[in-house]
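Residue numbers (the numbering used here), protein chains in the order written: chain A, -16 to 320; chain B, -16 to 320.
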DNA sequence: CCTCCGCCTGTTAGCGTTACCGCTAGGGGG
DNA sequence: CCCCCTAGCGGTAACGCTAACAGGCGGAGG
């Protein structure tokens, strides 16, 4: 039921109906223990009867807090960012926060900073930045210092806390797995330059090969899409020495699988293929894909809780790593011969 | 540069620095043409010098508008909802709106209404509801009437405008395509009951078969996942009569492809398989998947503009359909024999 | 010369909430 | 018996902005 005159009820209407002052109504809503149980009950009854909802703008104007968190993220159509965002939102909701988004189509320092500005203009209490790109790192060094911020998958030497999956460790595991199957070396189809995840995976892969004294093939660069995986896979299929490929994400691995098959090279009998991410479909590729599982949900939750700490004034500036997990399926096998 | 005392500058600080009244500053920001060019320039200079940003809460308190739109959506991890959300956000940004999200993990009337409540408590100016589920339809009939709302992919007989892809037309096209290849009939792996998209596709498929006087096989029900497609595909592979399957989305089609291959039935020589959605990977499945392209981006943009009209007071209550497009690849071919 | 009109700017009064301080009633200690 | 303390509640003043009206000033028209 609405207030007498038809407009939404305000705090004063509740106060009048309950026979108390406006201040008491406010207390009932924000600090219920400080008001006598009987009074509280009367107020709550009035709240229900009038269908009263506190005006956020008025509350924010005086408290300075909006209860809204901002997430600026690269293309939320991608599986990783979408999943991270989803779990951030879940965690935020459970803690009583709302989340506002700023998706970036192109990723560079300016677009990222513009996203932050947009959210700031909206008076968010804090931001989480999902911008796993070299070009955005510089922007992270110049964030407004009074705005609590946490980054996901960011580079080093930045003044904000970071939550991320340990890309390097994942790449190390999958590369070691391939070497342990007897392959002389492992080729690598990487993500685009400037992507931190792509570079982390390259480092892990290269490190294992160098440490084992194996030849390090040239890195091939895709753009995360199946299309680019297919294109690069056609080139790879011409390499006579090729027996194992580590592809930097599952979508590109799908393209590589198709290219190899079209060239008549069997997986895993002739060539082993491994991916990264463990998207839900990869278990149903042909053959089912060996890959590295990233727990994007955990990253999202972690980022949110770090932001919460940050907003509470904690001065954490470290990075928290989530461990990836090797998932062995049927696309990798013993080296031929 | 901040205001003298260290706190963020407010409108009054700008007014003092520019030597005008607060009202003039407000006008420069909201209705620049109504103030003399020279005065305007002085004010803008002061704005820049103080790094002044209008306080949204104060503005909202007096205007009643927040400049924030809400999107309540089923699991934004799924390709369709994620893409729709992405384009809604893009369109909203271009029009000067921010977007706040409420993702639903389980979809039913209560969770949907709770999502709307959460956004309403946040004082959004309007909401877009992506809840393509029977159970949510009833909730759409009881939305607070004063809240401008638009639904995406909703059912019939609801009092809010709807933007959606014409599911039935897509199913009709793909089923006709399969019949035209000489198949006696077409099997169907559908999405979960209560999903409107799933049911629309069933209707289109069934309609074509009945109209052509073909037998109508029992509908198989999956849950959109590749896993369920695989499970149902194993059953299908046992059907001796099977020569054509229309699968209600591409992920399930991937599972069906694998199940058929494992059972030794070749695609498309023995069995034709078609999907729905045209996710970016489906062109790289083995074989490349014939499917129906849904333009989720167009749906998102459309929904946003309908909401804009709605907020402007327009009384549209119709539904706007986006046409899907058949994409023929290599997973469908002439009937065997 | 006066009046009227349009352009530009200023003054006043809120918008709905919470922070801060103050008041009252009742109870326990000296 | 008085004093002080606490629990419970109320009054007032912001928070930062814009709607609505008011006024000054110059030029056009009578």
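Glycine is no exception: its CB is placed at the ideal position from the N, C-alpha and C atoms.
Nearest CB-CB separation between residue 72/A and chain B: below the 7 angstroms threshold. For residue 60/B, the residues of chain A that pass the 8 angstroms Cβ criterion are 62, 65, 66, 69, in the order they occur in the chain. Distances from the alpha-carbon of residue 128/A to those of 118/A, 80/A, 137/A, 141/A put 141/A closest.
Residue state for residue 178/A is assigned as strand, using DSSP reduced to three classes. With a minimum length of 3 residues, the unbroken runs of beta strand (DSSP E) contained wholly in the stretch 131 to 196 of chain B fall at 132 to 135, 145 to 148, 170 to 173. Around the beta carbon of residue 161/B, 16 or more other beta carbons lie within 10 angstroms, which makes this residue buried. Nearest to residue 40/B by C-alpha distance, out of 269/B, 49/B, 34/B, is 49/B. Residue 189/A and residue 268/B have their C-alpha atoms spaced approximately 30 angstroms apart.
Within the stretch 82 to 113 of chain B, the residues whose Cβ lies closer than 8 angstroms to some Cβ of chain A are 82, 83, 84, 85, 86, 88, 101, 102, 103, 104, 105, 106, listed in chain order. Between the stretch 28 to 37 of chain A and the stretch 0 to 17 of chain A, the count of Cβ pairs shorter than 8 angstroms is three or higher; the stretches touch. Sixteen is the threshold: when 16 or more other Cβ atoms of the shown chains lie within 10 Å of the Cβ of residue 270/B, as they do, the residue is buried. At a beta-carbon threshold of 7 angstroms, the residues of chain A lying near residue 238/B are 267, ordered along the chain. Across the structure, residue 254/B and residue 309/B are spaced so that their CA atoms are roughly 19 angstroms apart. Chain A places a beta carbon closer than 7 angstroms to that of residue 213/B, counting this residue as a contact.
At least one CB of chain B lies nearer than 7 angstroms to the CB of residue 36/A. Among the CB atoms of chain A, none fall inside 7 angstroms of the CB of residue 132/B. Between the stretch 227 to 244 of chain B and the stretch 195 to 213 of chain B there are three or more inter-stretch CB-CB distances shorter than 8 angstroms, so the stretches are counted as touching. Two segments are said to touch when three or more pairs of C-beta atoms, one from each, lie closer than 8 angstroms; by this definition the stretch 242 to 260 of chain A touches the stretch 218 to 233 of chain A.
Between residue 78/B and residue 299/B, the beta carbon gap of about 17 angstroms keeps them out of contact (Cβ cut-off 8 angstroms). Interface with chain A (7 angstroms Cβ-Cβ cutoff): residue 161/B is excluded. Where residue 107/A is concerned, there is no enclosing beta strand (DSSP E), because DSSP gives it neither an H nor an E. Here residue 16/B is exposed: its Cβ has fewer than 16 other Cβ atoms, across all protein chains shown, within 10 Å. Residue pairing by DSSP places residue 87/A opposite 57/A in a beta bridge. Taken through DSSP and simplified to helix, strand or coil, residue 260/A comes out as strand. Its chain contains 116, 117, 118 as the residues whose beta carbon lies nearer than 8 angstroms to that of residue 177/A, once the 5 sequence neighbours on both sides are disregarded; these appear in chain order. For residue 44/A, a Cβ of chain B is located within less than 7 angstroms of the residue's own Cβ. Checking the DSSP bridge columns, you'll see residue 111/A partnered with 54/A, 133/A.
Between the stretch 183 to 197 of chain B and the stretch 276 to 289 of chain B, the count of C-beta pairs closer than 8 angstroms stays below three; the two stretches do not touch. By the Cβ-count criterion, residue 108/A is buried, with 16 or more other Cβ atoms from all chains shown falling within 10 Å of its own Cβ. The C-beta distance from residue 105/A to residue 145/B rounds to 28 angstroms, too long to fall under 8 angstroms, and the pair is not in contact. DSSP, read as helix, strand or coil, puts residue 255/B in strand. Under the Cβ criterion of 7 angstroms, residue 245/B is not counted among the residues facing chain A. Burial is judged here by how many other beta carbons sit within 10 angstroms of a residue's own beta carbon; residue 45/A has fewer than 16 and is exposed. Chain-order list of chain A residues neighbouring residue 142/B: empty, with the shortest C-beta distance near 19 angstroms, by a criterion of under 9 angstroms. With fewer than 16 other Cβ atoms from the protein chains shown falling within 10 Å of its own Cβ, residue 167/A counts as exposed. Residues of chain B with a Cβ closer than 9 angstroms to the Cβ of residue 39/A are, in chain order, 40, 43, 49, 104, 105, 106.
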